[in-house]
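Asks: The listed protein sequences derive, respectively, from chains A and B. Take any residue in the first sequence, count from 1 to its spot, add 53: that is its number in our numbering. Take any residue in the second sequence, count from 1 to its spot, add 429: that is its number in our numbering. Glycine is no exception: its CB is placed at the ideal position from the N, C-alpha and C atoms. Quantities reported herein were computed from a predicted structural model and do not represent experimental measurements.
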Amino acid sequence: MPNPYAIDMKNIAFSYGDKNILSDFNLCIEKGKTYCLVGSSGSGKTTTLRLMNGLLQPNDGEIFIEDKKFDFSKGEQWRRQMGYSIQGSGLFPHMTLYENLSIIARKENWQKSQINQRIQELCELMDLPYSKDFLNKKPRQISGGQQQRVGIARALFMNPQIMLMDEPFSALDPITRAEIQKEFLSLQSKLHLTIVLVTHDLPEAFKMADEIVLLNQGKIEQKGRPSKFLLSPATKFVESFIHSHSPGNILKEVFLYSVLNTSVFSTFENPKGFEVCDIETNECKSFSSLNEVDSFLQSQKQRYHYFVDKDRMLLKSQEVGKNSHELKLQSTDNILHGMQKILDAKESALPVVNDKGQLMGVFSQEALSAL
Amino acid sequence: MLSKALNGMILFAFLVLSPLNFTQASDDKPTITVGSKRFSENFIIAEIFAQLLEDNGYPVVRKFSMGGSVAAFYALKTHELDVYPDYSGTIAQSIIKTEVQDFVGINQRLKKHNLEMLKPLGLNNSYSLVMKPELANELGIETISDLKDHPELRGAVSFEFQERTDGWQGLKKLYSLKNPLTNLDVPLNYEALRNDRVDFAEAYTTEPLVEKYNFKVLEDNEKFFPKYLAVPLVHDQIPTEVRKLLNSLAGRIDDQRIRKLTGMVNDGKPIPFVANKFLTEDGLVSEGGSYSATKSIQWSRMLTQTKNHLFLTGLAVLLATLVAVPLATVISGRATFSKYVLGFTGVLQTIPSIALLTFMIPFFGIGFTPAIIGLFIYSLLPILRNTHTAMTSIDPRLITSAKGIGLYPFEIFFSVKLPLAFPTIMAGIRTATILNIGTATLAAFIGAGGLGVPIVTGLALNDTNMVLQGAIPAALLAILVDFLFSMADRYFTKAI
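1. Listed from N- to C-terminal order along the chain, which residues in the region 830-853 of chain B have their beta-carbon within a distance smaller than 8 Å of any beta-carbon of chain A?
2. Counting pairs of Cβ atoms below 8 Å between the region 66-80 of chain A and the region 98-105 of chain A, do you hit three or more?
3. Cα-Cα, which of B/599, B/570, B/706, B/880 is closest to residue 652 of chain B?
4. Note the first and the last residue of the continuous beta strand (DSSP E) segment covering residue 59 of chain A.
5. Quick check on the DSSP output: the beta strand (DSSP E) that includes residue 80 of chain A runs from which residue to which?
6. Report yes or no: is there a C-beta of chain A within less than 7 Å of the C-beta of residue 826 of chain B?
7. Could you name the residues of the same chain whose beta carbon sits closer than 8 Å to that of residue 384 of chain A, not counting the 5 residues immediately before and after it, in chain order?
8. According to the Cβ coordinates, are residue 753 of chain B and residue 813 of chain B closer than 7 Å?
9. If I measure Cβ to Cβ from residue 883 of chain B and keep anything under 6 Å in the same chain, skipping five residues before and after, which residues do I get?
10. Extract the residue ranges of the beta strand (DSSP E) inside the region 100-159 of chain A, only unbroken runs of 3 or more that lie entirely within it.
11. Quick check: what's the CA-CA separation for residue 751 of chain B versus residue 490 of chain B?
12. Using DSSP with H/G/I as helix, E/B as strand and the rest coil, what is residue 602 of chain B?
13. Which residue wins for smallest C-alpha separation from residue 458 of chain B, given the options B/488, B/852, B/856?
14. Nearest to residue 830 of chain B by alpha carbon, out of A/142, A/238, A/126?
15. Based on Cα-Cα distance, which residue from B/796, B/775, B/592 lies nearest to residue 737 of chain B?
16. Give the residues from the region 124-138 of chain A that approach chain B closer than 9 Å (Cβ to any Cβ), ordered along the chain.
17. Closer than 8 Å by C-beta to residue 70 of chain A: which residues in its own chain qualify, once you throw out the five before and the five after it? Chain order, please.
18. Using a beta-carbon distance below 7 Å, is residue 215 of chain A in contact with chain B?
19. If residue 480 of chain B and residue 624 of chain B are in contact, beta carbons under 8 Å, what's the gap, nearest whole angstrom?
20. Would you call the region 115-123 of chain A and the region 178-195 of chain A touching, i.e. three or more CB-CB distances under 8 Å?
21. Considering only residues of the region 538-580 of chain B, which uninterrupted alpha helix (DSSP H) runs meet the minimum length of 4 residues and lie entirely inside it, listed in chain order?
22. Between B/477, B/903, B/834, which has its C-alpha nearest residue 864 of chain B's C-alpha?
23. Using a cut-off of 7 Å between C-beta atoms, extract the partners of residue 157 of chain A located in chain B.
24. Can at least three beta-carbon pairs, one atom from the region 382-397 of chain A and one from the region 358-368 of chain A, be found at a separation below 8 Å?
25. List the residues of chain B that residue 108 of chain A touches, going by C-beta distances under 8 Å, in chain order.
26. 7 Å is my cut-off, CB to CB: does residue 95 of chain A come that close to chain B?
27. Since residue 837 of chain B is in the beta strand (DSSP E), which residue starts that stretch and which ends it?
28. Determine the DSSP secondary structure at residue 619 of chain B, reduced to helix, strand or coil.
29. Specify whether the region 119-133 of chain A and the region 813-822 of chain B touch according to this definition: at least 3 beta carbon pairs, one from each stretch, less than 8 Å apart.
30. Please tell me whether residue 823 of chain B has its Cβ less than 7 Å away from any Cβ of chain A.
31. Can you name the start and end residues of the alpha helix (DSSP H) that residue 465 of chain B belongs to?
32. Residues of chain B with a CB under 8 Å from the CB of residue 222 of chain A: which are they?
33. Would a C-beta distance cut-off of 7 Å place residue 275 of chain A and residue 268 of chain A closer than the cut-off?
34. Assuming residue 655 of chain B and residue 518 of chain B are in contact, meaning their beta carbons sit under 8 Å apart, how far apart are those beta carbons, in whole angstroms?
35. Please report the straight-line C-alpha distance between residue 452 of chain B and residue 664 of chain B, rounded to a whole angstrom.
36. Taking the runs of the alpha helix (DSSP H) that are 4 residues or longer, which of them lie wholly in the region 624-688 of chain B?
Put into structure tokens, the structure is as follows:
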């Protein structure tokens, strides 16, 4: 049976000399998602990343890429099929941008025309000028942001399905970083790569990740959607880690869609009665009266009705036993903005909708108190 | 600018690659190699040997300017030399280390080394101490014993004299002397004495300058200095006819004669001319002999010496580069190993060059091989250290990046590490080359030729013109090579 995961680390043990970094470590990376490895320095996040492409070899355990076992004796060939990008771009200062981009292709004896075509594609993709003048420049002759773009373009050159990135944006100034993060998100929405990104910047992880993996002393403390880290931290460590890593920044930099609680039910009124759907699982139940819906929601510890139309567009919200209102938040609002609206509305939670107006989940005071 | 540099490089290539001039061997008679130590008198006698042999049909190779008695002695033992002039006292005390002073006794001991002193030439070049007569009269100093009462007087002696048991070491014991010394080679110590920088100096009894400057010779009242009879020192494989020819000089060069000959040289007459004059006067060779002095000889000799010099320097640096760059690359990943290797090379670097060259004589003889080895050793450290620094200071993230994108180790070395380290490695090679152009002048001490020959010979003869004939080309060479390196450096750093 084919392995459903892009990367599957099984029972990995790794040590530097006497120092145990990882033991009995398991991690599955699903295809097409972006994972952020976070943790304090020494937690093993960079080690984990380097194990994934064989830069480090485990003392024990197996690593599967797709459904093939990683062959460490052919590490270079494997790495050429995976993208790799590090802090400060990792471009070679003595080579031109052209030489940097094409280095692996040239070692693989690609035709010149093939190389040029690929470079043109990548320049368009990464918003880089495709000109002889630009490509003949040395890395130091272009800006840090452009260097990072070229670094990512080089990692993409061989058309990898998996990208491993070690603090790729941390050498950039905050404005350029925000810009490149945004570009990278839109790039990912086009390419649907499997991305594993190591970062020490928690707001970055909240912004970029489909899933966050928080490591502590070589163990996974929690793995899951960013909102879970705020709403239901798995351990005391996760809670204090989130708190100690500048929650203020998270408030401003993180969009609501990363932290919203999706365990809510939509209520759609149709001629036969009411259809109540779990928006996370899309499991629906039919009820004939609103009272039945009320008691069902109470059994699910839900305090709000969210009335939607057939396209799940939010119509109004109503706390059980109170008046309805039409207040809502946009998923692209940041947390600080969401917080203000909740306090202004004197509500304990507000529904969040996407740009089409469809219900995505709720942002609640519980989520706030977790911050 | 570029075309000029190119011309320079072509000239450089021409100088290095064109074959060296070798003396042609004649069919029937073997080539005789004549050596000499580094002072006028020894040069003259050696040149007399050489011309006498040449006039009798022997091809002669001159290896003058040997670094001292020990260098010349070992060269003779290994047949790098066939003959050179030395002195019985020197041979006994500082070479074969014997108390025996009589001629037959010394020769018996030399047999163990398969060497032999031929018949004495006549002169006795003993040591003496000299002073300016004005000061000697003022202080009432007549004998060496009188120096004991004036321990404040400063002396100027050569290193060799200071360390020899038949020199200062024995002298100070016998006469209880405590005077401070400065090390100056003959004849620079005479200059120091004339200019009152010192109060007494070491002198040879056959030294014409003693007469010329009217120095007072202090009487060796305790008869400390042994006899230093000048002899042709040969190895026992020397052809009988050569032995006969050299013995025909016996007794012909006494103290007065040699003072006259040395005086002529000091007055600017070329040594070959002086040697020829002696041989003609004594009817040992036909008029004119083998000596002909023209200006063009000087130029072609300078060119040969420059070629030789470049060849020595270039080959040594090339070999050092071939060894040091891979070695530094291998050790750059191992901190402890690096420390030992760099430390060891550092120690090699501190060995004084003359000492190193002399030390190698028993193993490698004299001439080209030990010179190359010595220069090679001196080139190692700058190249090794620069390569090591270059390799260890490459940003480790670049190496991680190179591995991460899937480059093989050899690709990382040739495509990333080496190009990044290249300017620093080149700077090391540049330092080594420039240093070596200077150090290679010392190769003359062990008969390896090069521009050091006119420099050390000129210094020994106190002949500024001769010194400049070596020093100016050497300096120009250093400037030219440095310029070529700077052009190369500019070209390559532009690439980074």
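Replies: So, to answer that:
1. 830, 831, 832, 833, 834, 835, 836, 837, 840, 844, 845, 848, 849
2. yes
3. Residue mapping note: residue 652 of chain B aligns to position 223 of the second sequence, counting from 1. The option with the nearest alpha carbon to residue 652 of chain B is B/599.
4. Position 6 of the first sequence, counting from 1, holds the residue named residue 59 of chain A. Where residue 59 of chain A is concerned, the enclosing beta strand (DSSP E) stretches over 58-69.
5. Translated into the one-based positions of the first sequence, residue 80 of chain A becomes position 27. That run of the beta strand (DSSP E) goes 72-83.
6. For the purposes of this step, residue 826 of chain B is taken as the residue at position 397 of the second sequence. Answer yes: the Cβ-Cβ gap between residue 826 of chain B and chain A drops below 7 Å somewhere.
7. Your numbering for residue 384 of chain A matches position 331 in the first sequence. Cβ within range, chain order: 308, 309, 310, 313, 405, 406, 407, 408, 413.
8. Position 324 of the second sequence, counted from the first residue, corresponds to residue 753 of chain B. Position 384 of the second sequence, counted from the first residue, corresponds to residue 813 of chain B. Yes, the pair counts as a contact, with Cβ atoms nearer than the cut-off.
9. Counting from one through the second sequence, the residue named residue 883 of chain B turns up at place 454. Closer than 6 Å at Cβ, skipping near neighbours: 895, 898, 899.
10. 113-118, 136-139
11. By one-based count along the second sequence, residue 751 of chain B stands at place 322. By one-based count along the second sequence, residue 490 of chain B stands at place 61. Roughly 33 Å separates the two Cα atoms.
12. Indexing the second sequence from 1 puts residue 602 of chain B at position 173. Residue 602 of chain B: helix per DSSP, three-state reduction.
13. In the second sequence, the residue the question calls residue 458 of chain B occupies position 29. Nearest option by C-alpha distance: B/488.
14. For the purposes of this step, residue 830 of chain B is taken as the residue at position 401 of the second sequence. It is A/142.
15. Looking up residue 737 of chain B in the second sequence gives position 308. Checking every option, the nearest Cα to that of residue 737 of chain B belongs to B/796.
16. 128, 129, 130, 131, 132, 133, 134, 135, 136, 137, 138
17. Locating residue 70 of chain A in the first sequence gives position 17, counting from the first residue. Nothing listed; no residue qualifies.
18. What you label residue 215 of chain A is simply residue 162 of the first sequence in a count that begins at 1. No, no contact with chain B.
19. Position 51 of the second sequence, counting from 1, holds the residue named residue 480 of chain B. Position 195 of the second sequence, counting from 1, holds the residue named residue 624 of chain B. Not a contact, Cβ separation roughly 37 Å.
20. no
21. 562-568
22. Working through the second sequence from its first residue, we reach residue 864 of chain B at position 435. Among B/477, B/903, B/834, the Cα nearest to that of residue 864 of chain B belongs to B/903.
23. The residue labelled residue 157 of chain A in the question sits at position 104 within the first sequence. Chain B residues near residue 157 of chain A: 834, 835.
24. no
25. As a working mapping, residue 108 of chain A is identified with position 55 in the first sequence. Result: 829, 832, 833.
26. Counted from its first residue, the first sequence places residue 95 of chain A at position 42. With 7 Å as the cut-off, residue 95 of chain A does not count as an interface residue toward chain B.
27. Here residue 837 of chain B refers to the residue found at position 408 of the second sequence. No beta strand (DSSP E) holds residue 837 of chain B; DSSP gives it neither H nor E.
28. Reading the second sequence from its first residue, position 190 is the one you call residue 619 of chain B. Three-state result, residue 619 of chain B: helix.
29. no
30. Taking the second sequence and counting its residues from 1, one reaches residue 823 of chain B at position 394. So no, residue 823 of chain B is outside the interface.
31. The residue given as residue 465 of chain B occupies position 36 in the second sequence. That residue, residue 465 of chain B, is in no alpha helix (DSSP H); its beta strand (DSSP E) goes 461-466.
32. Mapped onto the first sequence, residue 222 of chain A falls at position 169. Within 8 Å Cβ-Cβ: nothing; residue 222 of chain A doesn't reach chain B, min ~15 Å.
33. In the first sequence, residue 275 of chain A corresponds to position 222, counting from 1. In the first sequence, residue 268 of chain A corresponds to position 215, counting from 1. No.
34. Residue numbering aside, residue 655 of chain B sits at position 226 when the second sequence is read from its first letter. Residue numbering aside, residue 518 of chain B sits at position 89 when the second sequence is read from its first letter. Sure, about 4 Å apart at Cβ, within 8 Å.
35. The count along the second sequence starts at 1 and reaches residue 452 of chain B at position 23. The count along the second sequence starts at 1 and reaches residue 664 of chain B at position 235. Unreliable placement is indicated for residue 452 of chain B, whose pLDDT of 39 sits below 50; the coordinate value is still reported in the next sentence. Approximately 22 Å between the Cα atoms of the pair.
36. 637-641, 669-676
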